[in-house]
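To keep things clear, I will list the structure first and then write my remarks on it.
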């Protein structure tokens, strides 16, 4: 990182107040009249992201990853949605090489009042090819994955498991397979929720870094499996 992280990287009550008010006034006229409040909230978000990037740099290759590339726009894409509210009710960012569009498994943080803020990472809406790779790895060599997600520290910090699960076994696997629960997963995403009080603490950015460090082995496992593992040559 080329810039020194802000020493004032904190969220304030005013940011939560803005997000709560936005839920009740989700239209462009109100937003533009309260643009200064949004700018203040975004400034706090940028400072926190800057500190998270700096904290992760010793264990995650994030060179040339800019704060602005990690932050999601507050505007919603309403083109194909029945809900025409133009703005999201949260602030969010994703940490990956180059930012939120890294194309790899990254770390996602959402800030939302009502104790709905969270850090999450994992397999979410995988391509059919990547899902097949995941299931093959579970079938052939599940120990590495289970050693990660069943570790005491991991389970304590990420107790919430999200994602779709098949009601039946996927094709090609026996119904009595010993890893039936993992094989039925279409998504395997882990989350840690933060209370509003925790988000407003001065050390919140450092706490996010701690969570990212804990879930990094799972992200590394998926990134290697999906993107980095070389196919074995076929011997003729």
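Residue numbers (our numbering): 9 to 244.
Ideal placement from N, C-alpha and C gives every residue a C-beta, glycine not left out.
Helix, strand or coil, according to DSSP, for residue i in the structure here?
i: residue 99; result: strand
i: residue 235; result: helix
i: residue 112; result: coil
i: residue 155; result: helix
i: residue 201; result: strand
i: residue 118; result: strand
i: residue 79; result: strand
i: residue 244; result: Bear in mind that a pLDDT of 47 at residue 244, under 50, signals an unreliable position, so the number given afterwards is only what the model happens to contain. Correct three-state label for residue 244: coil.
i: residue 70; result: coil
i: residue 20; result: coil
i: residue 227; result: helix
i: residue 9; result: Annotation note: pLDDT 39 at residue 9 (below 50); position unreliable, no value reported.
Taking just the CA atoms, how far does residue j sit from residue i?
i: residue 188; j: residue 177; result: 7 Å
i: residue 198; j: residue 130; result: 6 Å
i: residue 12; j: residue 77; result: With a pLDDT of 49 at residue 12, under the threshold of 50, the modelled position of this residue cannot be trusted, and the question is left open.
i: residue 85; j: residue 93; result: 9 Å
i: residue 96; j: residue 48; result: 16 Å
i: residue 42; j: residue 149; result: 54 Å
i: residue 238; j: residue 231; result: 12 Å
i: residue 101; j: residue 180; result: 38 Å
i: residue 137; j: residue 111; result: 15 Å
i: residue 52; j: residue 144; result: 43 Å
i: residue 98; j: residue 132; result: 20 Å
i: residue 115; j: residue 37; result: 33 Å
i: residue 106; j: residue 59; result: 16 Å
i: residue 55; j: residue 196; result: 30 Å
i: residue 247; j: residue 234; result: Lying before the first or after the last residue shown, residue 247 is absent from the chain, which here runs from 9 to 244.
i: residue 152; j: residue 146; result: 9 Å
i: residue 169; j: residue 184; result: 23 Å
i: residue 135; j: residue 142; result: 11 Å
i: residue 224; j: residue 45; result: 34 Å
Can you name the start and end residues of the alpha helix (DSSP H) that residue i belongs to?
i: residue 188; result: 188 to 191
i: residue 206; result: 204 to 207
i: residue 41; result: 36 to 41
i: residue 126; result: Element bounds for residue 126: not the alpha helix (DSSP H) but the beta strand (DSSP E), 125 to 131.
i: residue 146; result: 136 to 148
i: residue 194; result: Element bounds for residue 194: n/a, residue is neither H nor E.
i: residue 163; result: 160 to 165
So residue i packs on residue j, CB below 8 Å; how close in whole Å?
i: residue 171; j: residue 193; result: 6 Å
i: residue 119; j: residue 19; result: 7 Å
i: residue 113; j: residue 227; result: 5 Å
i: residue 24; j: residue 121; result: 4 Å
i: residue 57; j: residue 79; result: 6 Å
i: residue 216; j: residue 117; result: 6 Å
i: residue 208; j: residue 21; result: 7 Å
Taking residue i as part of the beta strand (DSSP E), name the residues at either end of that continuous run.
i: residue 169; result: 168 to 170
If we count Cβ pairs, one from each stretch, closer than 8 Å, do we get three or more for the segment 186 to 202 versus the segment 114 to 128?
yes
When you compare the segment 57 to 73 with the segment 154 to 169, are there three or more beta-carbon pairs, one atom per stretch, that lie closer than 8 Å?
no
Does the segment 210 to 220 come into contact with the segment 20 to 39, if we say contact requires no fewer than three beta-carbon pairs (one atom in each stretch) closer than 8 Å?
no
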